[in-house]
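**Student:**
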Ligand SMILES: [Zn+2]
């Protein structure tokens, strides 16, 4: 099964609010009704689907996320990036609550990739407790990508 937790028992999940960026802890089996963000009361997406962020949103997520953050640095003109999108989606859903998947459009928001020294896209970086712990350039097949993320998450 992809996304098998590596030795850690997760009884709750952490989800980022796409609206305000706050992290919300949700029980593994969410209570009936749609979960909402504790800070801004907006509906919370608990699917694990990748969220688009700008430079600011990225910096805040990396600094404040209680779970590993996988970031996809991409651009609309990049063919391999488009191939990677559904894979990222799969990985995000498999890791829902255990990791947060973010996407940075490097054309609209070039600052983070410049700061991180990213030379080619797509590039994927896993951040843990505010630090980069793994980096991968180029697309990997979905199972390999899932394993790579799980290994570092
Ligand atoms: Zn919110």
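Residue numbers (my numbering): 64 to 216.
Using N, Cα and C, we set each Cβ at its ideal position, and we do this for glycine too.
#1: Which residues mark the beginning and the end of the alpha helix (DSSP H) in which residue 119 is found?
#2: So within the region 144 to 193, which uninterrupted alpha helix (DSSP H) runs reach at least 4 residues, ignoring any that extend past its ends?
#3: By the DSSP assignment, the beta strand (DSSP E) with residue 90 in it spans what residues?
#4: Apply the 10 Å Cβ neighbour rule to residue 140 and answer buried if 16 or more other Cβ atoms are within range, or exposed otherwise.
#5: What does the alpha-carbon distance come out to for the pair residue 68 and residue 189?
#6: Under 6 Å, CB to any heavy atom of ligand 1. Which residues pass, going along the chain?
#7: Taking its Cβ as the centre, do 16 or more other Cβ atoms sit within 10 Å of residue 113, making it buried, or is it exposed?
#8: Assign residue 106 to one of two classes, buried (16 or more other C-beta atoms within 10 Å of its C-beta) or exposed (fewer than that).
#9: The alpha helix (DSSP H) spanning residue 212 covers which residue range?
#10: Would a C-beta distance cut-off of 8 Å place residue 137 and residue 166 closer than the cut-off?
#11: Straight-line CA distance for residue 71 to residue 215?
#12: Taking C-alpha atoms, which residue in 172, 180, 115, 123 lies nearest to residue 148?
**Tutor:** With the given structure in hand:
#1: Run containing residue 119: 118 to 127, per the alpha helix (DSSP H) assignment.
#2: If only complete runs of 4 or more residues are kept, the region 144 to 193 shows the alpha helix (DSSP H) at 174 to 179, in order along the chain.
#3: If you look at residue 90, you'll find it in the beta strand (DSSP E) that goes 86 to 90.
#4: Exposed, by the Cβ-count rule.
#5: In this prediction, residue 68 scores a pLDDT of 45, lower than 50, which makes its location untrustworthy; no coordinate-derived value is stated.
#6: In chain order, the residues that have a beta carbon nearer than 6 Å to some heavy atom of ligand 1 are 80, 82, 83, 85, 100, 102, 103, 105.
#7: With 16 or more neighbouring CB atoms inside 10 Å of its own CB, residue 113 falls in the buried class.
#8: So residue 106 counts as exposed.
#9: That run of the alpha helix (DSSP H) goes 205 to 215.
#10: Contact flag set, yes.
#11: With a pLDDT of 41 at residue 71, under the threshold of 50, the predicted position of this residue should be treated as unreliable, and no value is reported.
#12: It is 115 whose Cα lies nearest to the Cα of residue 148.
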